[in-house]
Every structure is written in C-alpha cells, then in structure tokens.
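One structure is given here, and the rest of the page talks about it.
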Amino acid sequence: MARLDPYRFAGRTAVLTGAASGIGEQLAYGLAQRGSDLVLVDVDAARLDPVASRIRGAHPALDVRTIVADLADRSTVEALATRIRAEHPSIGLLINNAGIALGGRFDQVGMDQFEQVLNVNFRAPLLLTHALLPSLDRGSHLVNVSSLFGLIAPPGQSAYCASKFALRGLSESLRGELFENGIGVTTVHPGGIRTRIAESALIGTGVPESEVAPTRKLFASLLSYPADKAAEQILRAVARRKARLLIAANAKGPDLFARIAPVITANVMRSLAAATVKAATRPKVGAGR
1 MARLDPYRFA
11 GRTAVLTGAA
21 SGIGEQLAYG
31 LAQRGSDLVL
41 VDVDAARLDP
51 VASRIRGAHP
61 ALDVRTIVAD
71 LADRSTVEAL
81 ATRIRAEHPS
91 IGLLINNAGI
101 ALGGRFDQVG
111 MDQFEQVLNV
121 NFRAPLLLTH
131 ALLPSLDRGS
141 HLVNVSSLFG
151 LIAPPGQSAY
161 CASKFALRGL
171 SESLRGELFE
181 NGIGVTTVHP
191 GGIRTRIAES
201 ALIGTGVPES
211 EVAPTRKLFA
221 SLLSYPADKA
231 AEQILRAVAR
241 RKARLLIAAN
251 AKGPDLFARI
261 APVITANVMR
271 SLAAATVKAA
281 TRPKVGAGR
C-alpha cells in the first residue's frame, strides 16, 4: 500500500491557529525548534505577541508573523485566508487548533452562543482549509484538532460535540481526497489537556449562576495532561503522517469503550454528568449559608 514520505518541517511555512496559549503555544515552540517559518493566529494579542517574541529571540533566522483574528466572524476568516495566501503562496503545514467550549444543556444555551462555537471550531477550519488548499503543495500536511468530544458526546456539551464531530468527519473525508495529491491529514483527539479552555469557556445563558463557578472549577481540575507533551505527540504524528491521534488515557479509554459498547457508554456518561453537576453544586461541610 502506498504511503506518504515523512513530513519535513525545516524550511517550510506552518500556519497555526489558537497559537497564544495551551497546545497551540507549545506547537509554535515545537515547530520553531524544527525549523519552520510561522504564521501564528489568535484572537488574544496580549498573549500572542509574547509567544512570537520568545520564538524570534530563540530562532532569529526564522520568519515569524502574527495575525490577530476573531475566527467566529466569517468575513474576518475570509480576509485572513486571503492575506495568508498573498504572503505565503506555498504552505507546508496548516494546523487548525483554535477552539472554544460552551457549557450547558441544549435548552440552556442561546443559539447565538451555539453558532459561535460552530463558527470557531468548525466553520473557521472549513473556510481556511478550502481557501488555503491551493497553497498546500505535494508533501504538505493538514492537522485538525478535534477532541475526545469528537468521539463521544456527553450531556451538557451539545455545541462543542457537534462542532468537533463535524471537524472529525471533514478530516476523515479529506484524508481520502488529498492522499492522491501527496497531502497528509491528521485528526487529533485530545483528552484532558492542561489548557485555558475551561476558564475561557462560554456558559449557557440559561445555566443557573450557582452552578457556573463550581462546575468550571471542577472541569478545570480534570485537565491534567501537560500541553507541551500533547504538542510533541502531535508533531511526531505529523512527521509520521499518522491519520488519527488520541492523546491521554482519558481519551483512549472512553474511545475504546464507546466503540465496544456505545449504548452502555451513553448511559454511563449521562450518569456521570448528573453526578458531576451534583458534586459541583453541593454545599461544603461547614460552609456558611
């Protein structure tokens, strides 16, 4: 069976979204260490600029550019793609990493919030990939960062799951289409990675105020896998042209269980979700009224 050659990082341009923190920040450092010129995209200029400055200081020979962009806005994404194509007619690697979460049952979230998650997590990668495809030469590579919640769908995460399942589907279809053009595709499914996603997550407008802070704190405590280790695994998967990458045991276990016993898995997730909300909102012993 034909296989693609290992991906070569040095001397090529990598476009990376969500580059200001978490996995994206660590990917930026790893790409620079491997000799890639960088186009770093994020909505948070205050966090993005220091990342770029550190890379420029450590790797002065590299071309490191930053673009501040709100990927929830379609016209902004289209303008971003046009600018990147004009400035970088040849791209070696596109990593669609940016993402946001939204907590709350389906009846507790507003449709504008739901659409914002879809726009950032799915529409932006869709538009960027389609627009930049002519710049991806033979030997290039595409990475779409989905999630554990692109494999399983727990209650309270309808928007996030919808976006990440969609991104997974797009990625798997593109993998078959782009192979003949010599372009590889990797779909990444991280588990509980230590990032800012819990603290920056949107909360459904109908979620009771009493549940917001404790639930956010509880979910943040589940994010324990180091972002730098996750980034290193992703870059190794790119080099090997790996089609699918699950990161952390809390992604691999649920994925396996869901494939073996999908109905049981759904029932377990429903029970765990109810217990999680109950634990998060239970008054602490000795706490004042």
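For the sequence shown, full-length UniProt numbering assigns the number 1 to the initial residue and increments by one for each residue that follows. All C-beta atoms in this analysis are idealised placements derived from N, C-alpha and C, irrespective of residue type, glycine included.
With 16 other CB atoms within 10 Å as the buried threshold, where does residue 150 fall? For the purposes of this step, residue 150 is taken as residue 150 along the sequence shown, with counting starting at 1. Counting other Cβ atoms within 10 Å of its Cβ, residue 150 reaches 16 or more and is therefore classed as buried.
Within 10 Å of its beta-carbon, does residue 13 have 16 or more other beta-carbons around it, so buried, or fewer, so exposed? Indexing the sequence shown from 1 puts residue 13 at position 13. Of the residues assessed, residue 13 falls on the buried side of the cut-off, its CB having 16 or more other CB atoms within 10 angstroms.
Would you decide whether residue 205 is buried or exposed? Buried here means 16 or more other CB atoms lie within 10 Å of its CB. Translated into positions along the sequence shown, residue 205 becomes position 205. Exposed: under 16 other Cβ atoms inside 10 Å.
Between the beta-carbon of residue 139 and the beta-carbon of residue 235, is there less than 9 angstroms? The residue given as residue 139 occupies position 139 in the sequence shown. The residue given as residue 235 occupies position 235 in the sequence shown. Their beta carbons are not under 9 angstroms apart, which means residue 139 does not touch residue 235 by this criterion.
Run through DSSP, which three-state label would residue 240 get? Here residue 240 corresponds to residue number 240 of the sequence shown, with the count starting at 1. It is coil, neither helix nor strand.
Taking the straight line between their C-alpha atoms, what separation do you get for residue 120 and residue 232? Locating residue 120 in the sequence shown gives position 120, where the first residue counts as 1. Locating residue 232 in the sequence shown gives position 232, where the first residue counts as 1. Residue 120 and residue 232: Cα-Cα distance of roughly 24 angstroms.
Shortest alpha-carbon distance to residue 7 belongs to which of 243, 247, 248? On the sequence shown, position 7 is the one that residue 7 refers to. Nearest Cα to residue 7 within the set 243, 247, 248: 243.
Is residue 69 helix, strand or coil when you go by DSSP? The residue given as residue 69 occupies position 69 in the sequence shown. If DSSP states are grouped into helix, strand and coil, residue 69 belongs with coil.
Among 58, 127, 153, 164, which one has its Cα closest to the Cα of residue 74? Translated into the one-based positions of the sequence shown, residue 74 becomes position 74. Of the listed residues, the one whose Cα sits closest to residue 74 is 127.
In angstroms with no decimal places, state the Cα-to-Cα distance between residue 2 and residue 154. Counting from one through the sequence shown, the residue named residue 2 turns up at place 2. Counting from one through the sequence shown, the residue named residue 154 turns up at place 154. Rounded to the nearest angstrom, the two C-alpha atoms are 38 angstroms apart.
Give the straight-line distance between the Cα atoms of residue 246 and residue 131, rounded to the nearest whole angstrom. Counted from its first residue, the sequence shown places residue 246 at position 246. Counted from its first residue, the sequence shown places residue 131 at position 131. Going from the Cα of residue 246 to the Cα of residue 131 covers about 27 angstroms.
With a threshold of 8 angstroms, are at least 3 pairs of Cβ atoms found where one atom belongs to the stretch 29 to 42 and the other to the stretch 58 to 68? By the Cβ rule, the stretch 29 to 42 counts as touching the stretch 58 to 68, because three or more pairs are nearer than 8 angstroms.
Cβ shell of residue 224 (< 7 angstroms), same chain only, five flanking positions each side left out: Translated into positions along the sequence shown, residue 224 becomes position 224. Within its own chain, the residues whose Cβ lies closer than 7 angstroms to the Cβ of residue 224, once the five positions on either side in sequence are excluded, are 192, 194, listed in chain order.
With DSSP run on the structure shown, which of helix, strand or coil describes residue 190? For this step, residue 190 is matched to residue 190 along the sequence shown. Residue state, collapsed to three classes: strand.
Taking DSSP's pairing of strands, which residues face residue 95 in a bridge? Translated into the one-based positions of the sequence shown, residue 95 becomes position 95. Paired residue(s): 16, 143.
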